Amino acid sequence: MNKRLITLIVGTALLLIFASILFIFQVRQSQTAVVTTFGSYSRTIDDPGLQFKWPWPIQKVYRFDNRLQNFERKFEQTTTGDAKPLIIEVYVGWKISNAKIFLERFNGDMIKAQQNLESLVRDAKNSVIGQHPFRDLISPREEDLKFDDIEEEIVEAIQAEAADDYGMRVEFAGIKQLGLPESNTQKVFERMRADRQRLVKQFQGEGESRAMEIRSKAEAESTRILNEARAKAIEIEGQAEARANEYYKVFQENPELAELLLGLEALEAATKEKTTIVADPNTPPFNLFREGVKEFNR
């Protein structure tokens, strides 16, 4: 009895396991699943977890990676809007947006999907670059570069067709590398050097203009200060002459006082260096010593 029970339990378990393999499947967090019935689309499953299906050949399950995918275009030559050859490499980020279209178009083949998207990107890249001048991509002036605009235009050019025809959503596109054909490299460097020289001359001209402006202002300020100084000197000189005229009037009224003051100034000038003087005591201004001695004796 125990053996029969164990056999029954094991058989039931195996039957359940076999049934689960036939009727149940799992969708992971990173997956999108498409279920077909007799080869025709039935439903799309985006939510992770266990799901029910009829066994093959009634229904079949296709699982796709729904994470962001990335691929790079090879380094290839294109032409700018002003007919300048340029070598460029771009990269694209994409993910499955419509699993039904993706399955019907590529039968779930990721490599085939990327090959078709690669062709779409190539055409969009050539079209967008062909609308921009060379300086938008290579220029000594950073403000001339238009990388962000070009990358956005590439995405816009392929986004609608990729979604409608391929079931793919293009998230971003970017320029990875730029190069020049060897025959044009020297010409480009010469043009860049000429642009640099033009900028140098421009800055030199602006500097000279600014220097002239500063010199002009400095000269005008110097002239103003000198004129004010001259006017002040004339004013002081006039005041000094007026004071001197007052002193002259006093000296004219009292000539003896004038002679005494002049003699004292002369004595001060002659004796301030502690010099020894031998002179006739009657010679002015040394006669003041003799007169001073007379006054003292009185």
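Each residue of the sequence shown is one higher than the one before, starting from 16 at the first, in the working numbering. By construction, the Cβ of each residue, glycine as well, lies at the ideal position given by its N, Cα and C atoms. Here the structure is a predicted model, which means the values were calculated and not measured.
Contact belief for residue i with residue j at Cβ below 8 Å, rounded distance in angstroms
i: residue 175; j: residue 105; result: Rounded, the Cβ-Cβ distance is 18 Å, inconsistent with contact.
i: residue 123; j: residue 77; result: 5 Å
i: residue 159; j: residue 150; result: 5 Å
i: residue 94; j: residue 140; result: Between residue 140 and residue 94 the Cβ distance is about 11 Å, and since that is not below 8 Å, they are no contact.
Proximity below 9 Å, CB of residue i to CB of residue j
i: residue 103; j: residue 91; result: yes
i: residue 155; j: residue 96; result: no
i: residue 50; j: residue 60; result: yes
i: residue 182; j: residue 116; result: yes
i: residue 47; j: residue 114; result: yes
i: residue 66; j: residue 41; result: yes
i: residue 58; j: residue 112; result: no
i: residue 37; j: residue 72; result: no
Rounded separation between residue i and residue j - CA only
i: residue 219; j: residue 82; result: 55 Å
i: residue 166; j: residue 192; result: 13 Å
i: residue 133; j: residue 162; result: 20 Å
i: residue 209; j: residue 215; result: 10 Å
i: residue 79; j: residue 56; result: 15 Å
i: residue 238; j: residue 231; result: 11 Å
i: residue 257; j: residue 250; result: 11 Å
i: residue 311; j: residue 248; result: Low local confidence applies: a pLDDT of 39 at residue 311 is under 50, so the model's placement there is unreliable, with the coordinate-based value given in what follows. If you take the alpha carbons of residue 311 and residue 248, they lie about 46 Å apart.
i: residue 222; j: residue 177; result: 54 Å
i: residue 224; j: residue 213; result: 16 Å
i: residue 179; j: residue 118; result: 13 Å
i: residue 190; j: residue 217; result: 32 Å
i: residue 234; j: residue 252; result: 26 Å
i: residue 227; j: residue 242; result: 22 Å
i: residue 246; j: residue 229; result: 26 Å
i: residue 130; j: residue 157; result: 35 Å
i: residue 171; j: residue 153; result: 23 Å
i: residue 142; j: residue 98; result: 13 Å
i: residue 254; j: residue 240; result: 21 Å
Own chain, CB closer than 6 Å to residue i, minus 5 neighbours either side, in chain order
i: residue 85; result: 108
i: residue 196; result: 100
i: residue 128; result: 121
i: residue 194; result: 102
Spatial neighbours of residue i in its chain, beta-carbon cut-off 8 Å, leaving aside the 5 residues before and after
i: residue 136; result: 88, 105, 107, 169, 173 and 188
i: residue 244; result: none
i: residue 44; result: 63
i: residue 307; result: At residue 307 the pLDDT is 47, less than 50, meaning the model places this residue with poor confidence; the figure from the coordinates comes in the next sentence. Hits under 8 Å: none found.
Neighbourhood of residue i by C-beta distance below 7 Å, restricted to the same chain and skipping five residues each side
i: residue 186; result: 83, 108, 109 and 110
i: residue 211; result: 155
i: residue 68; result: 38, 40, 50, 74 and 76
Bridge partner(s) assigned by DSSP for residue i
i: residue 155; result: None, per the DSSP bridge assignment.
i: residue 66; result: 40
i: residue 111; result: 183
i: residue 49; result: 59 and 77
i: residue 86; result: 107
heavy atom of the ligand PLP below 8 Å from residue i C-beta
i: residue 237; result: As presented, the structure is devoid of all ligands, the ligand PLP included, so that no description of it is given.
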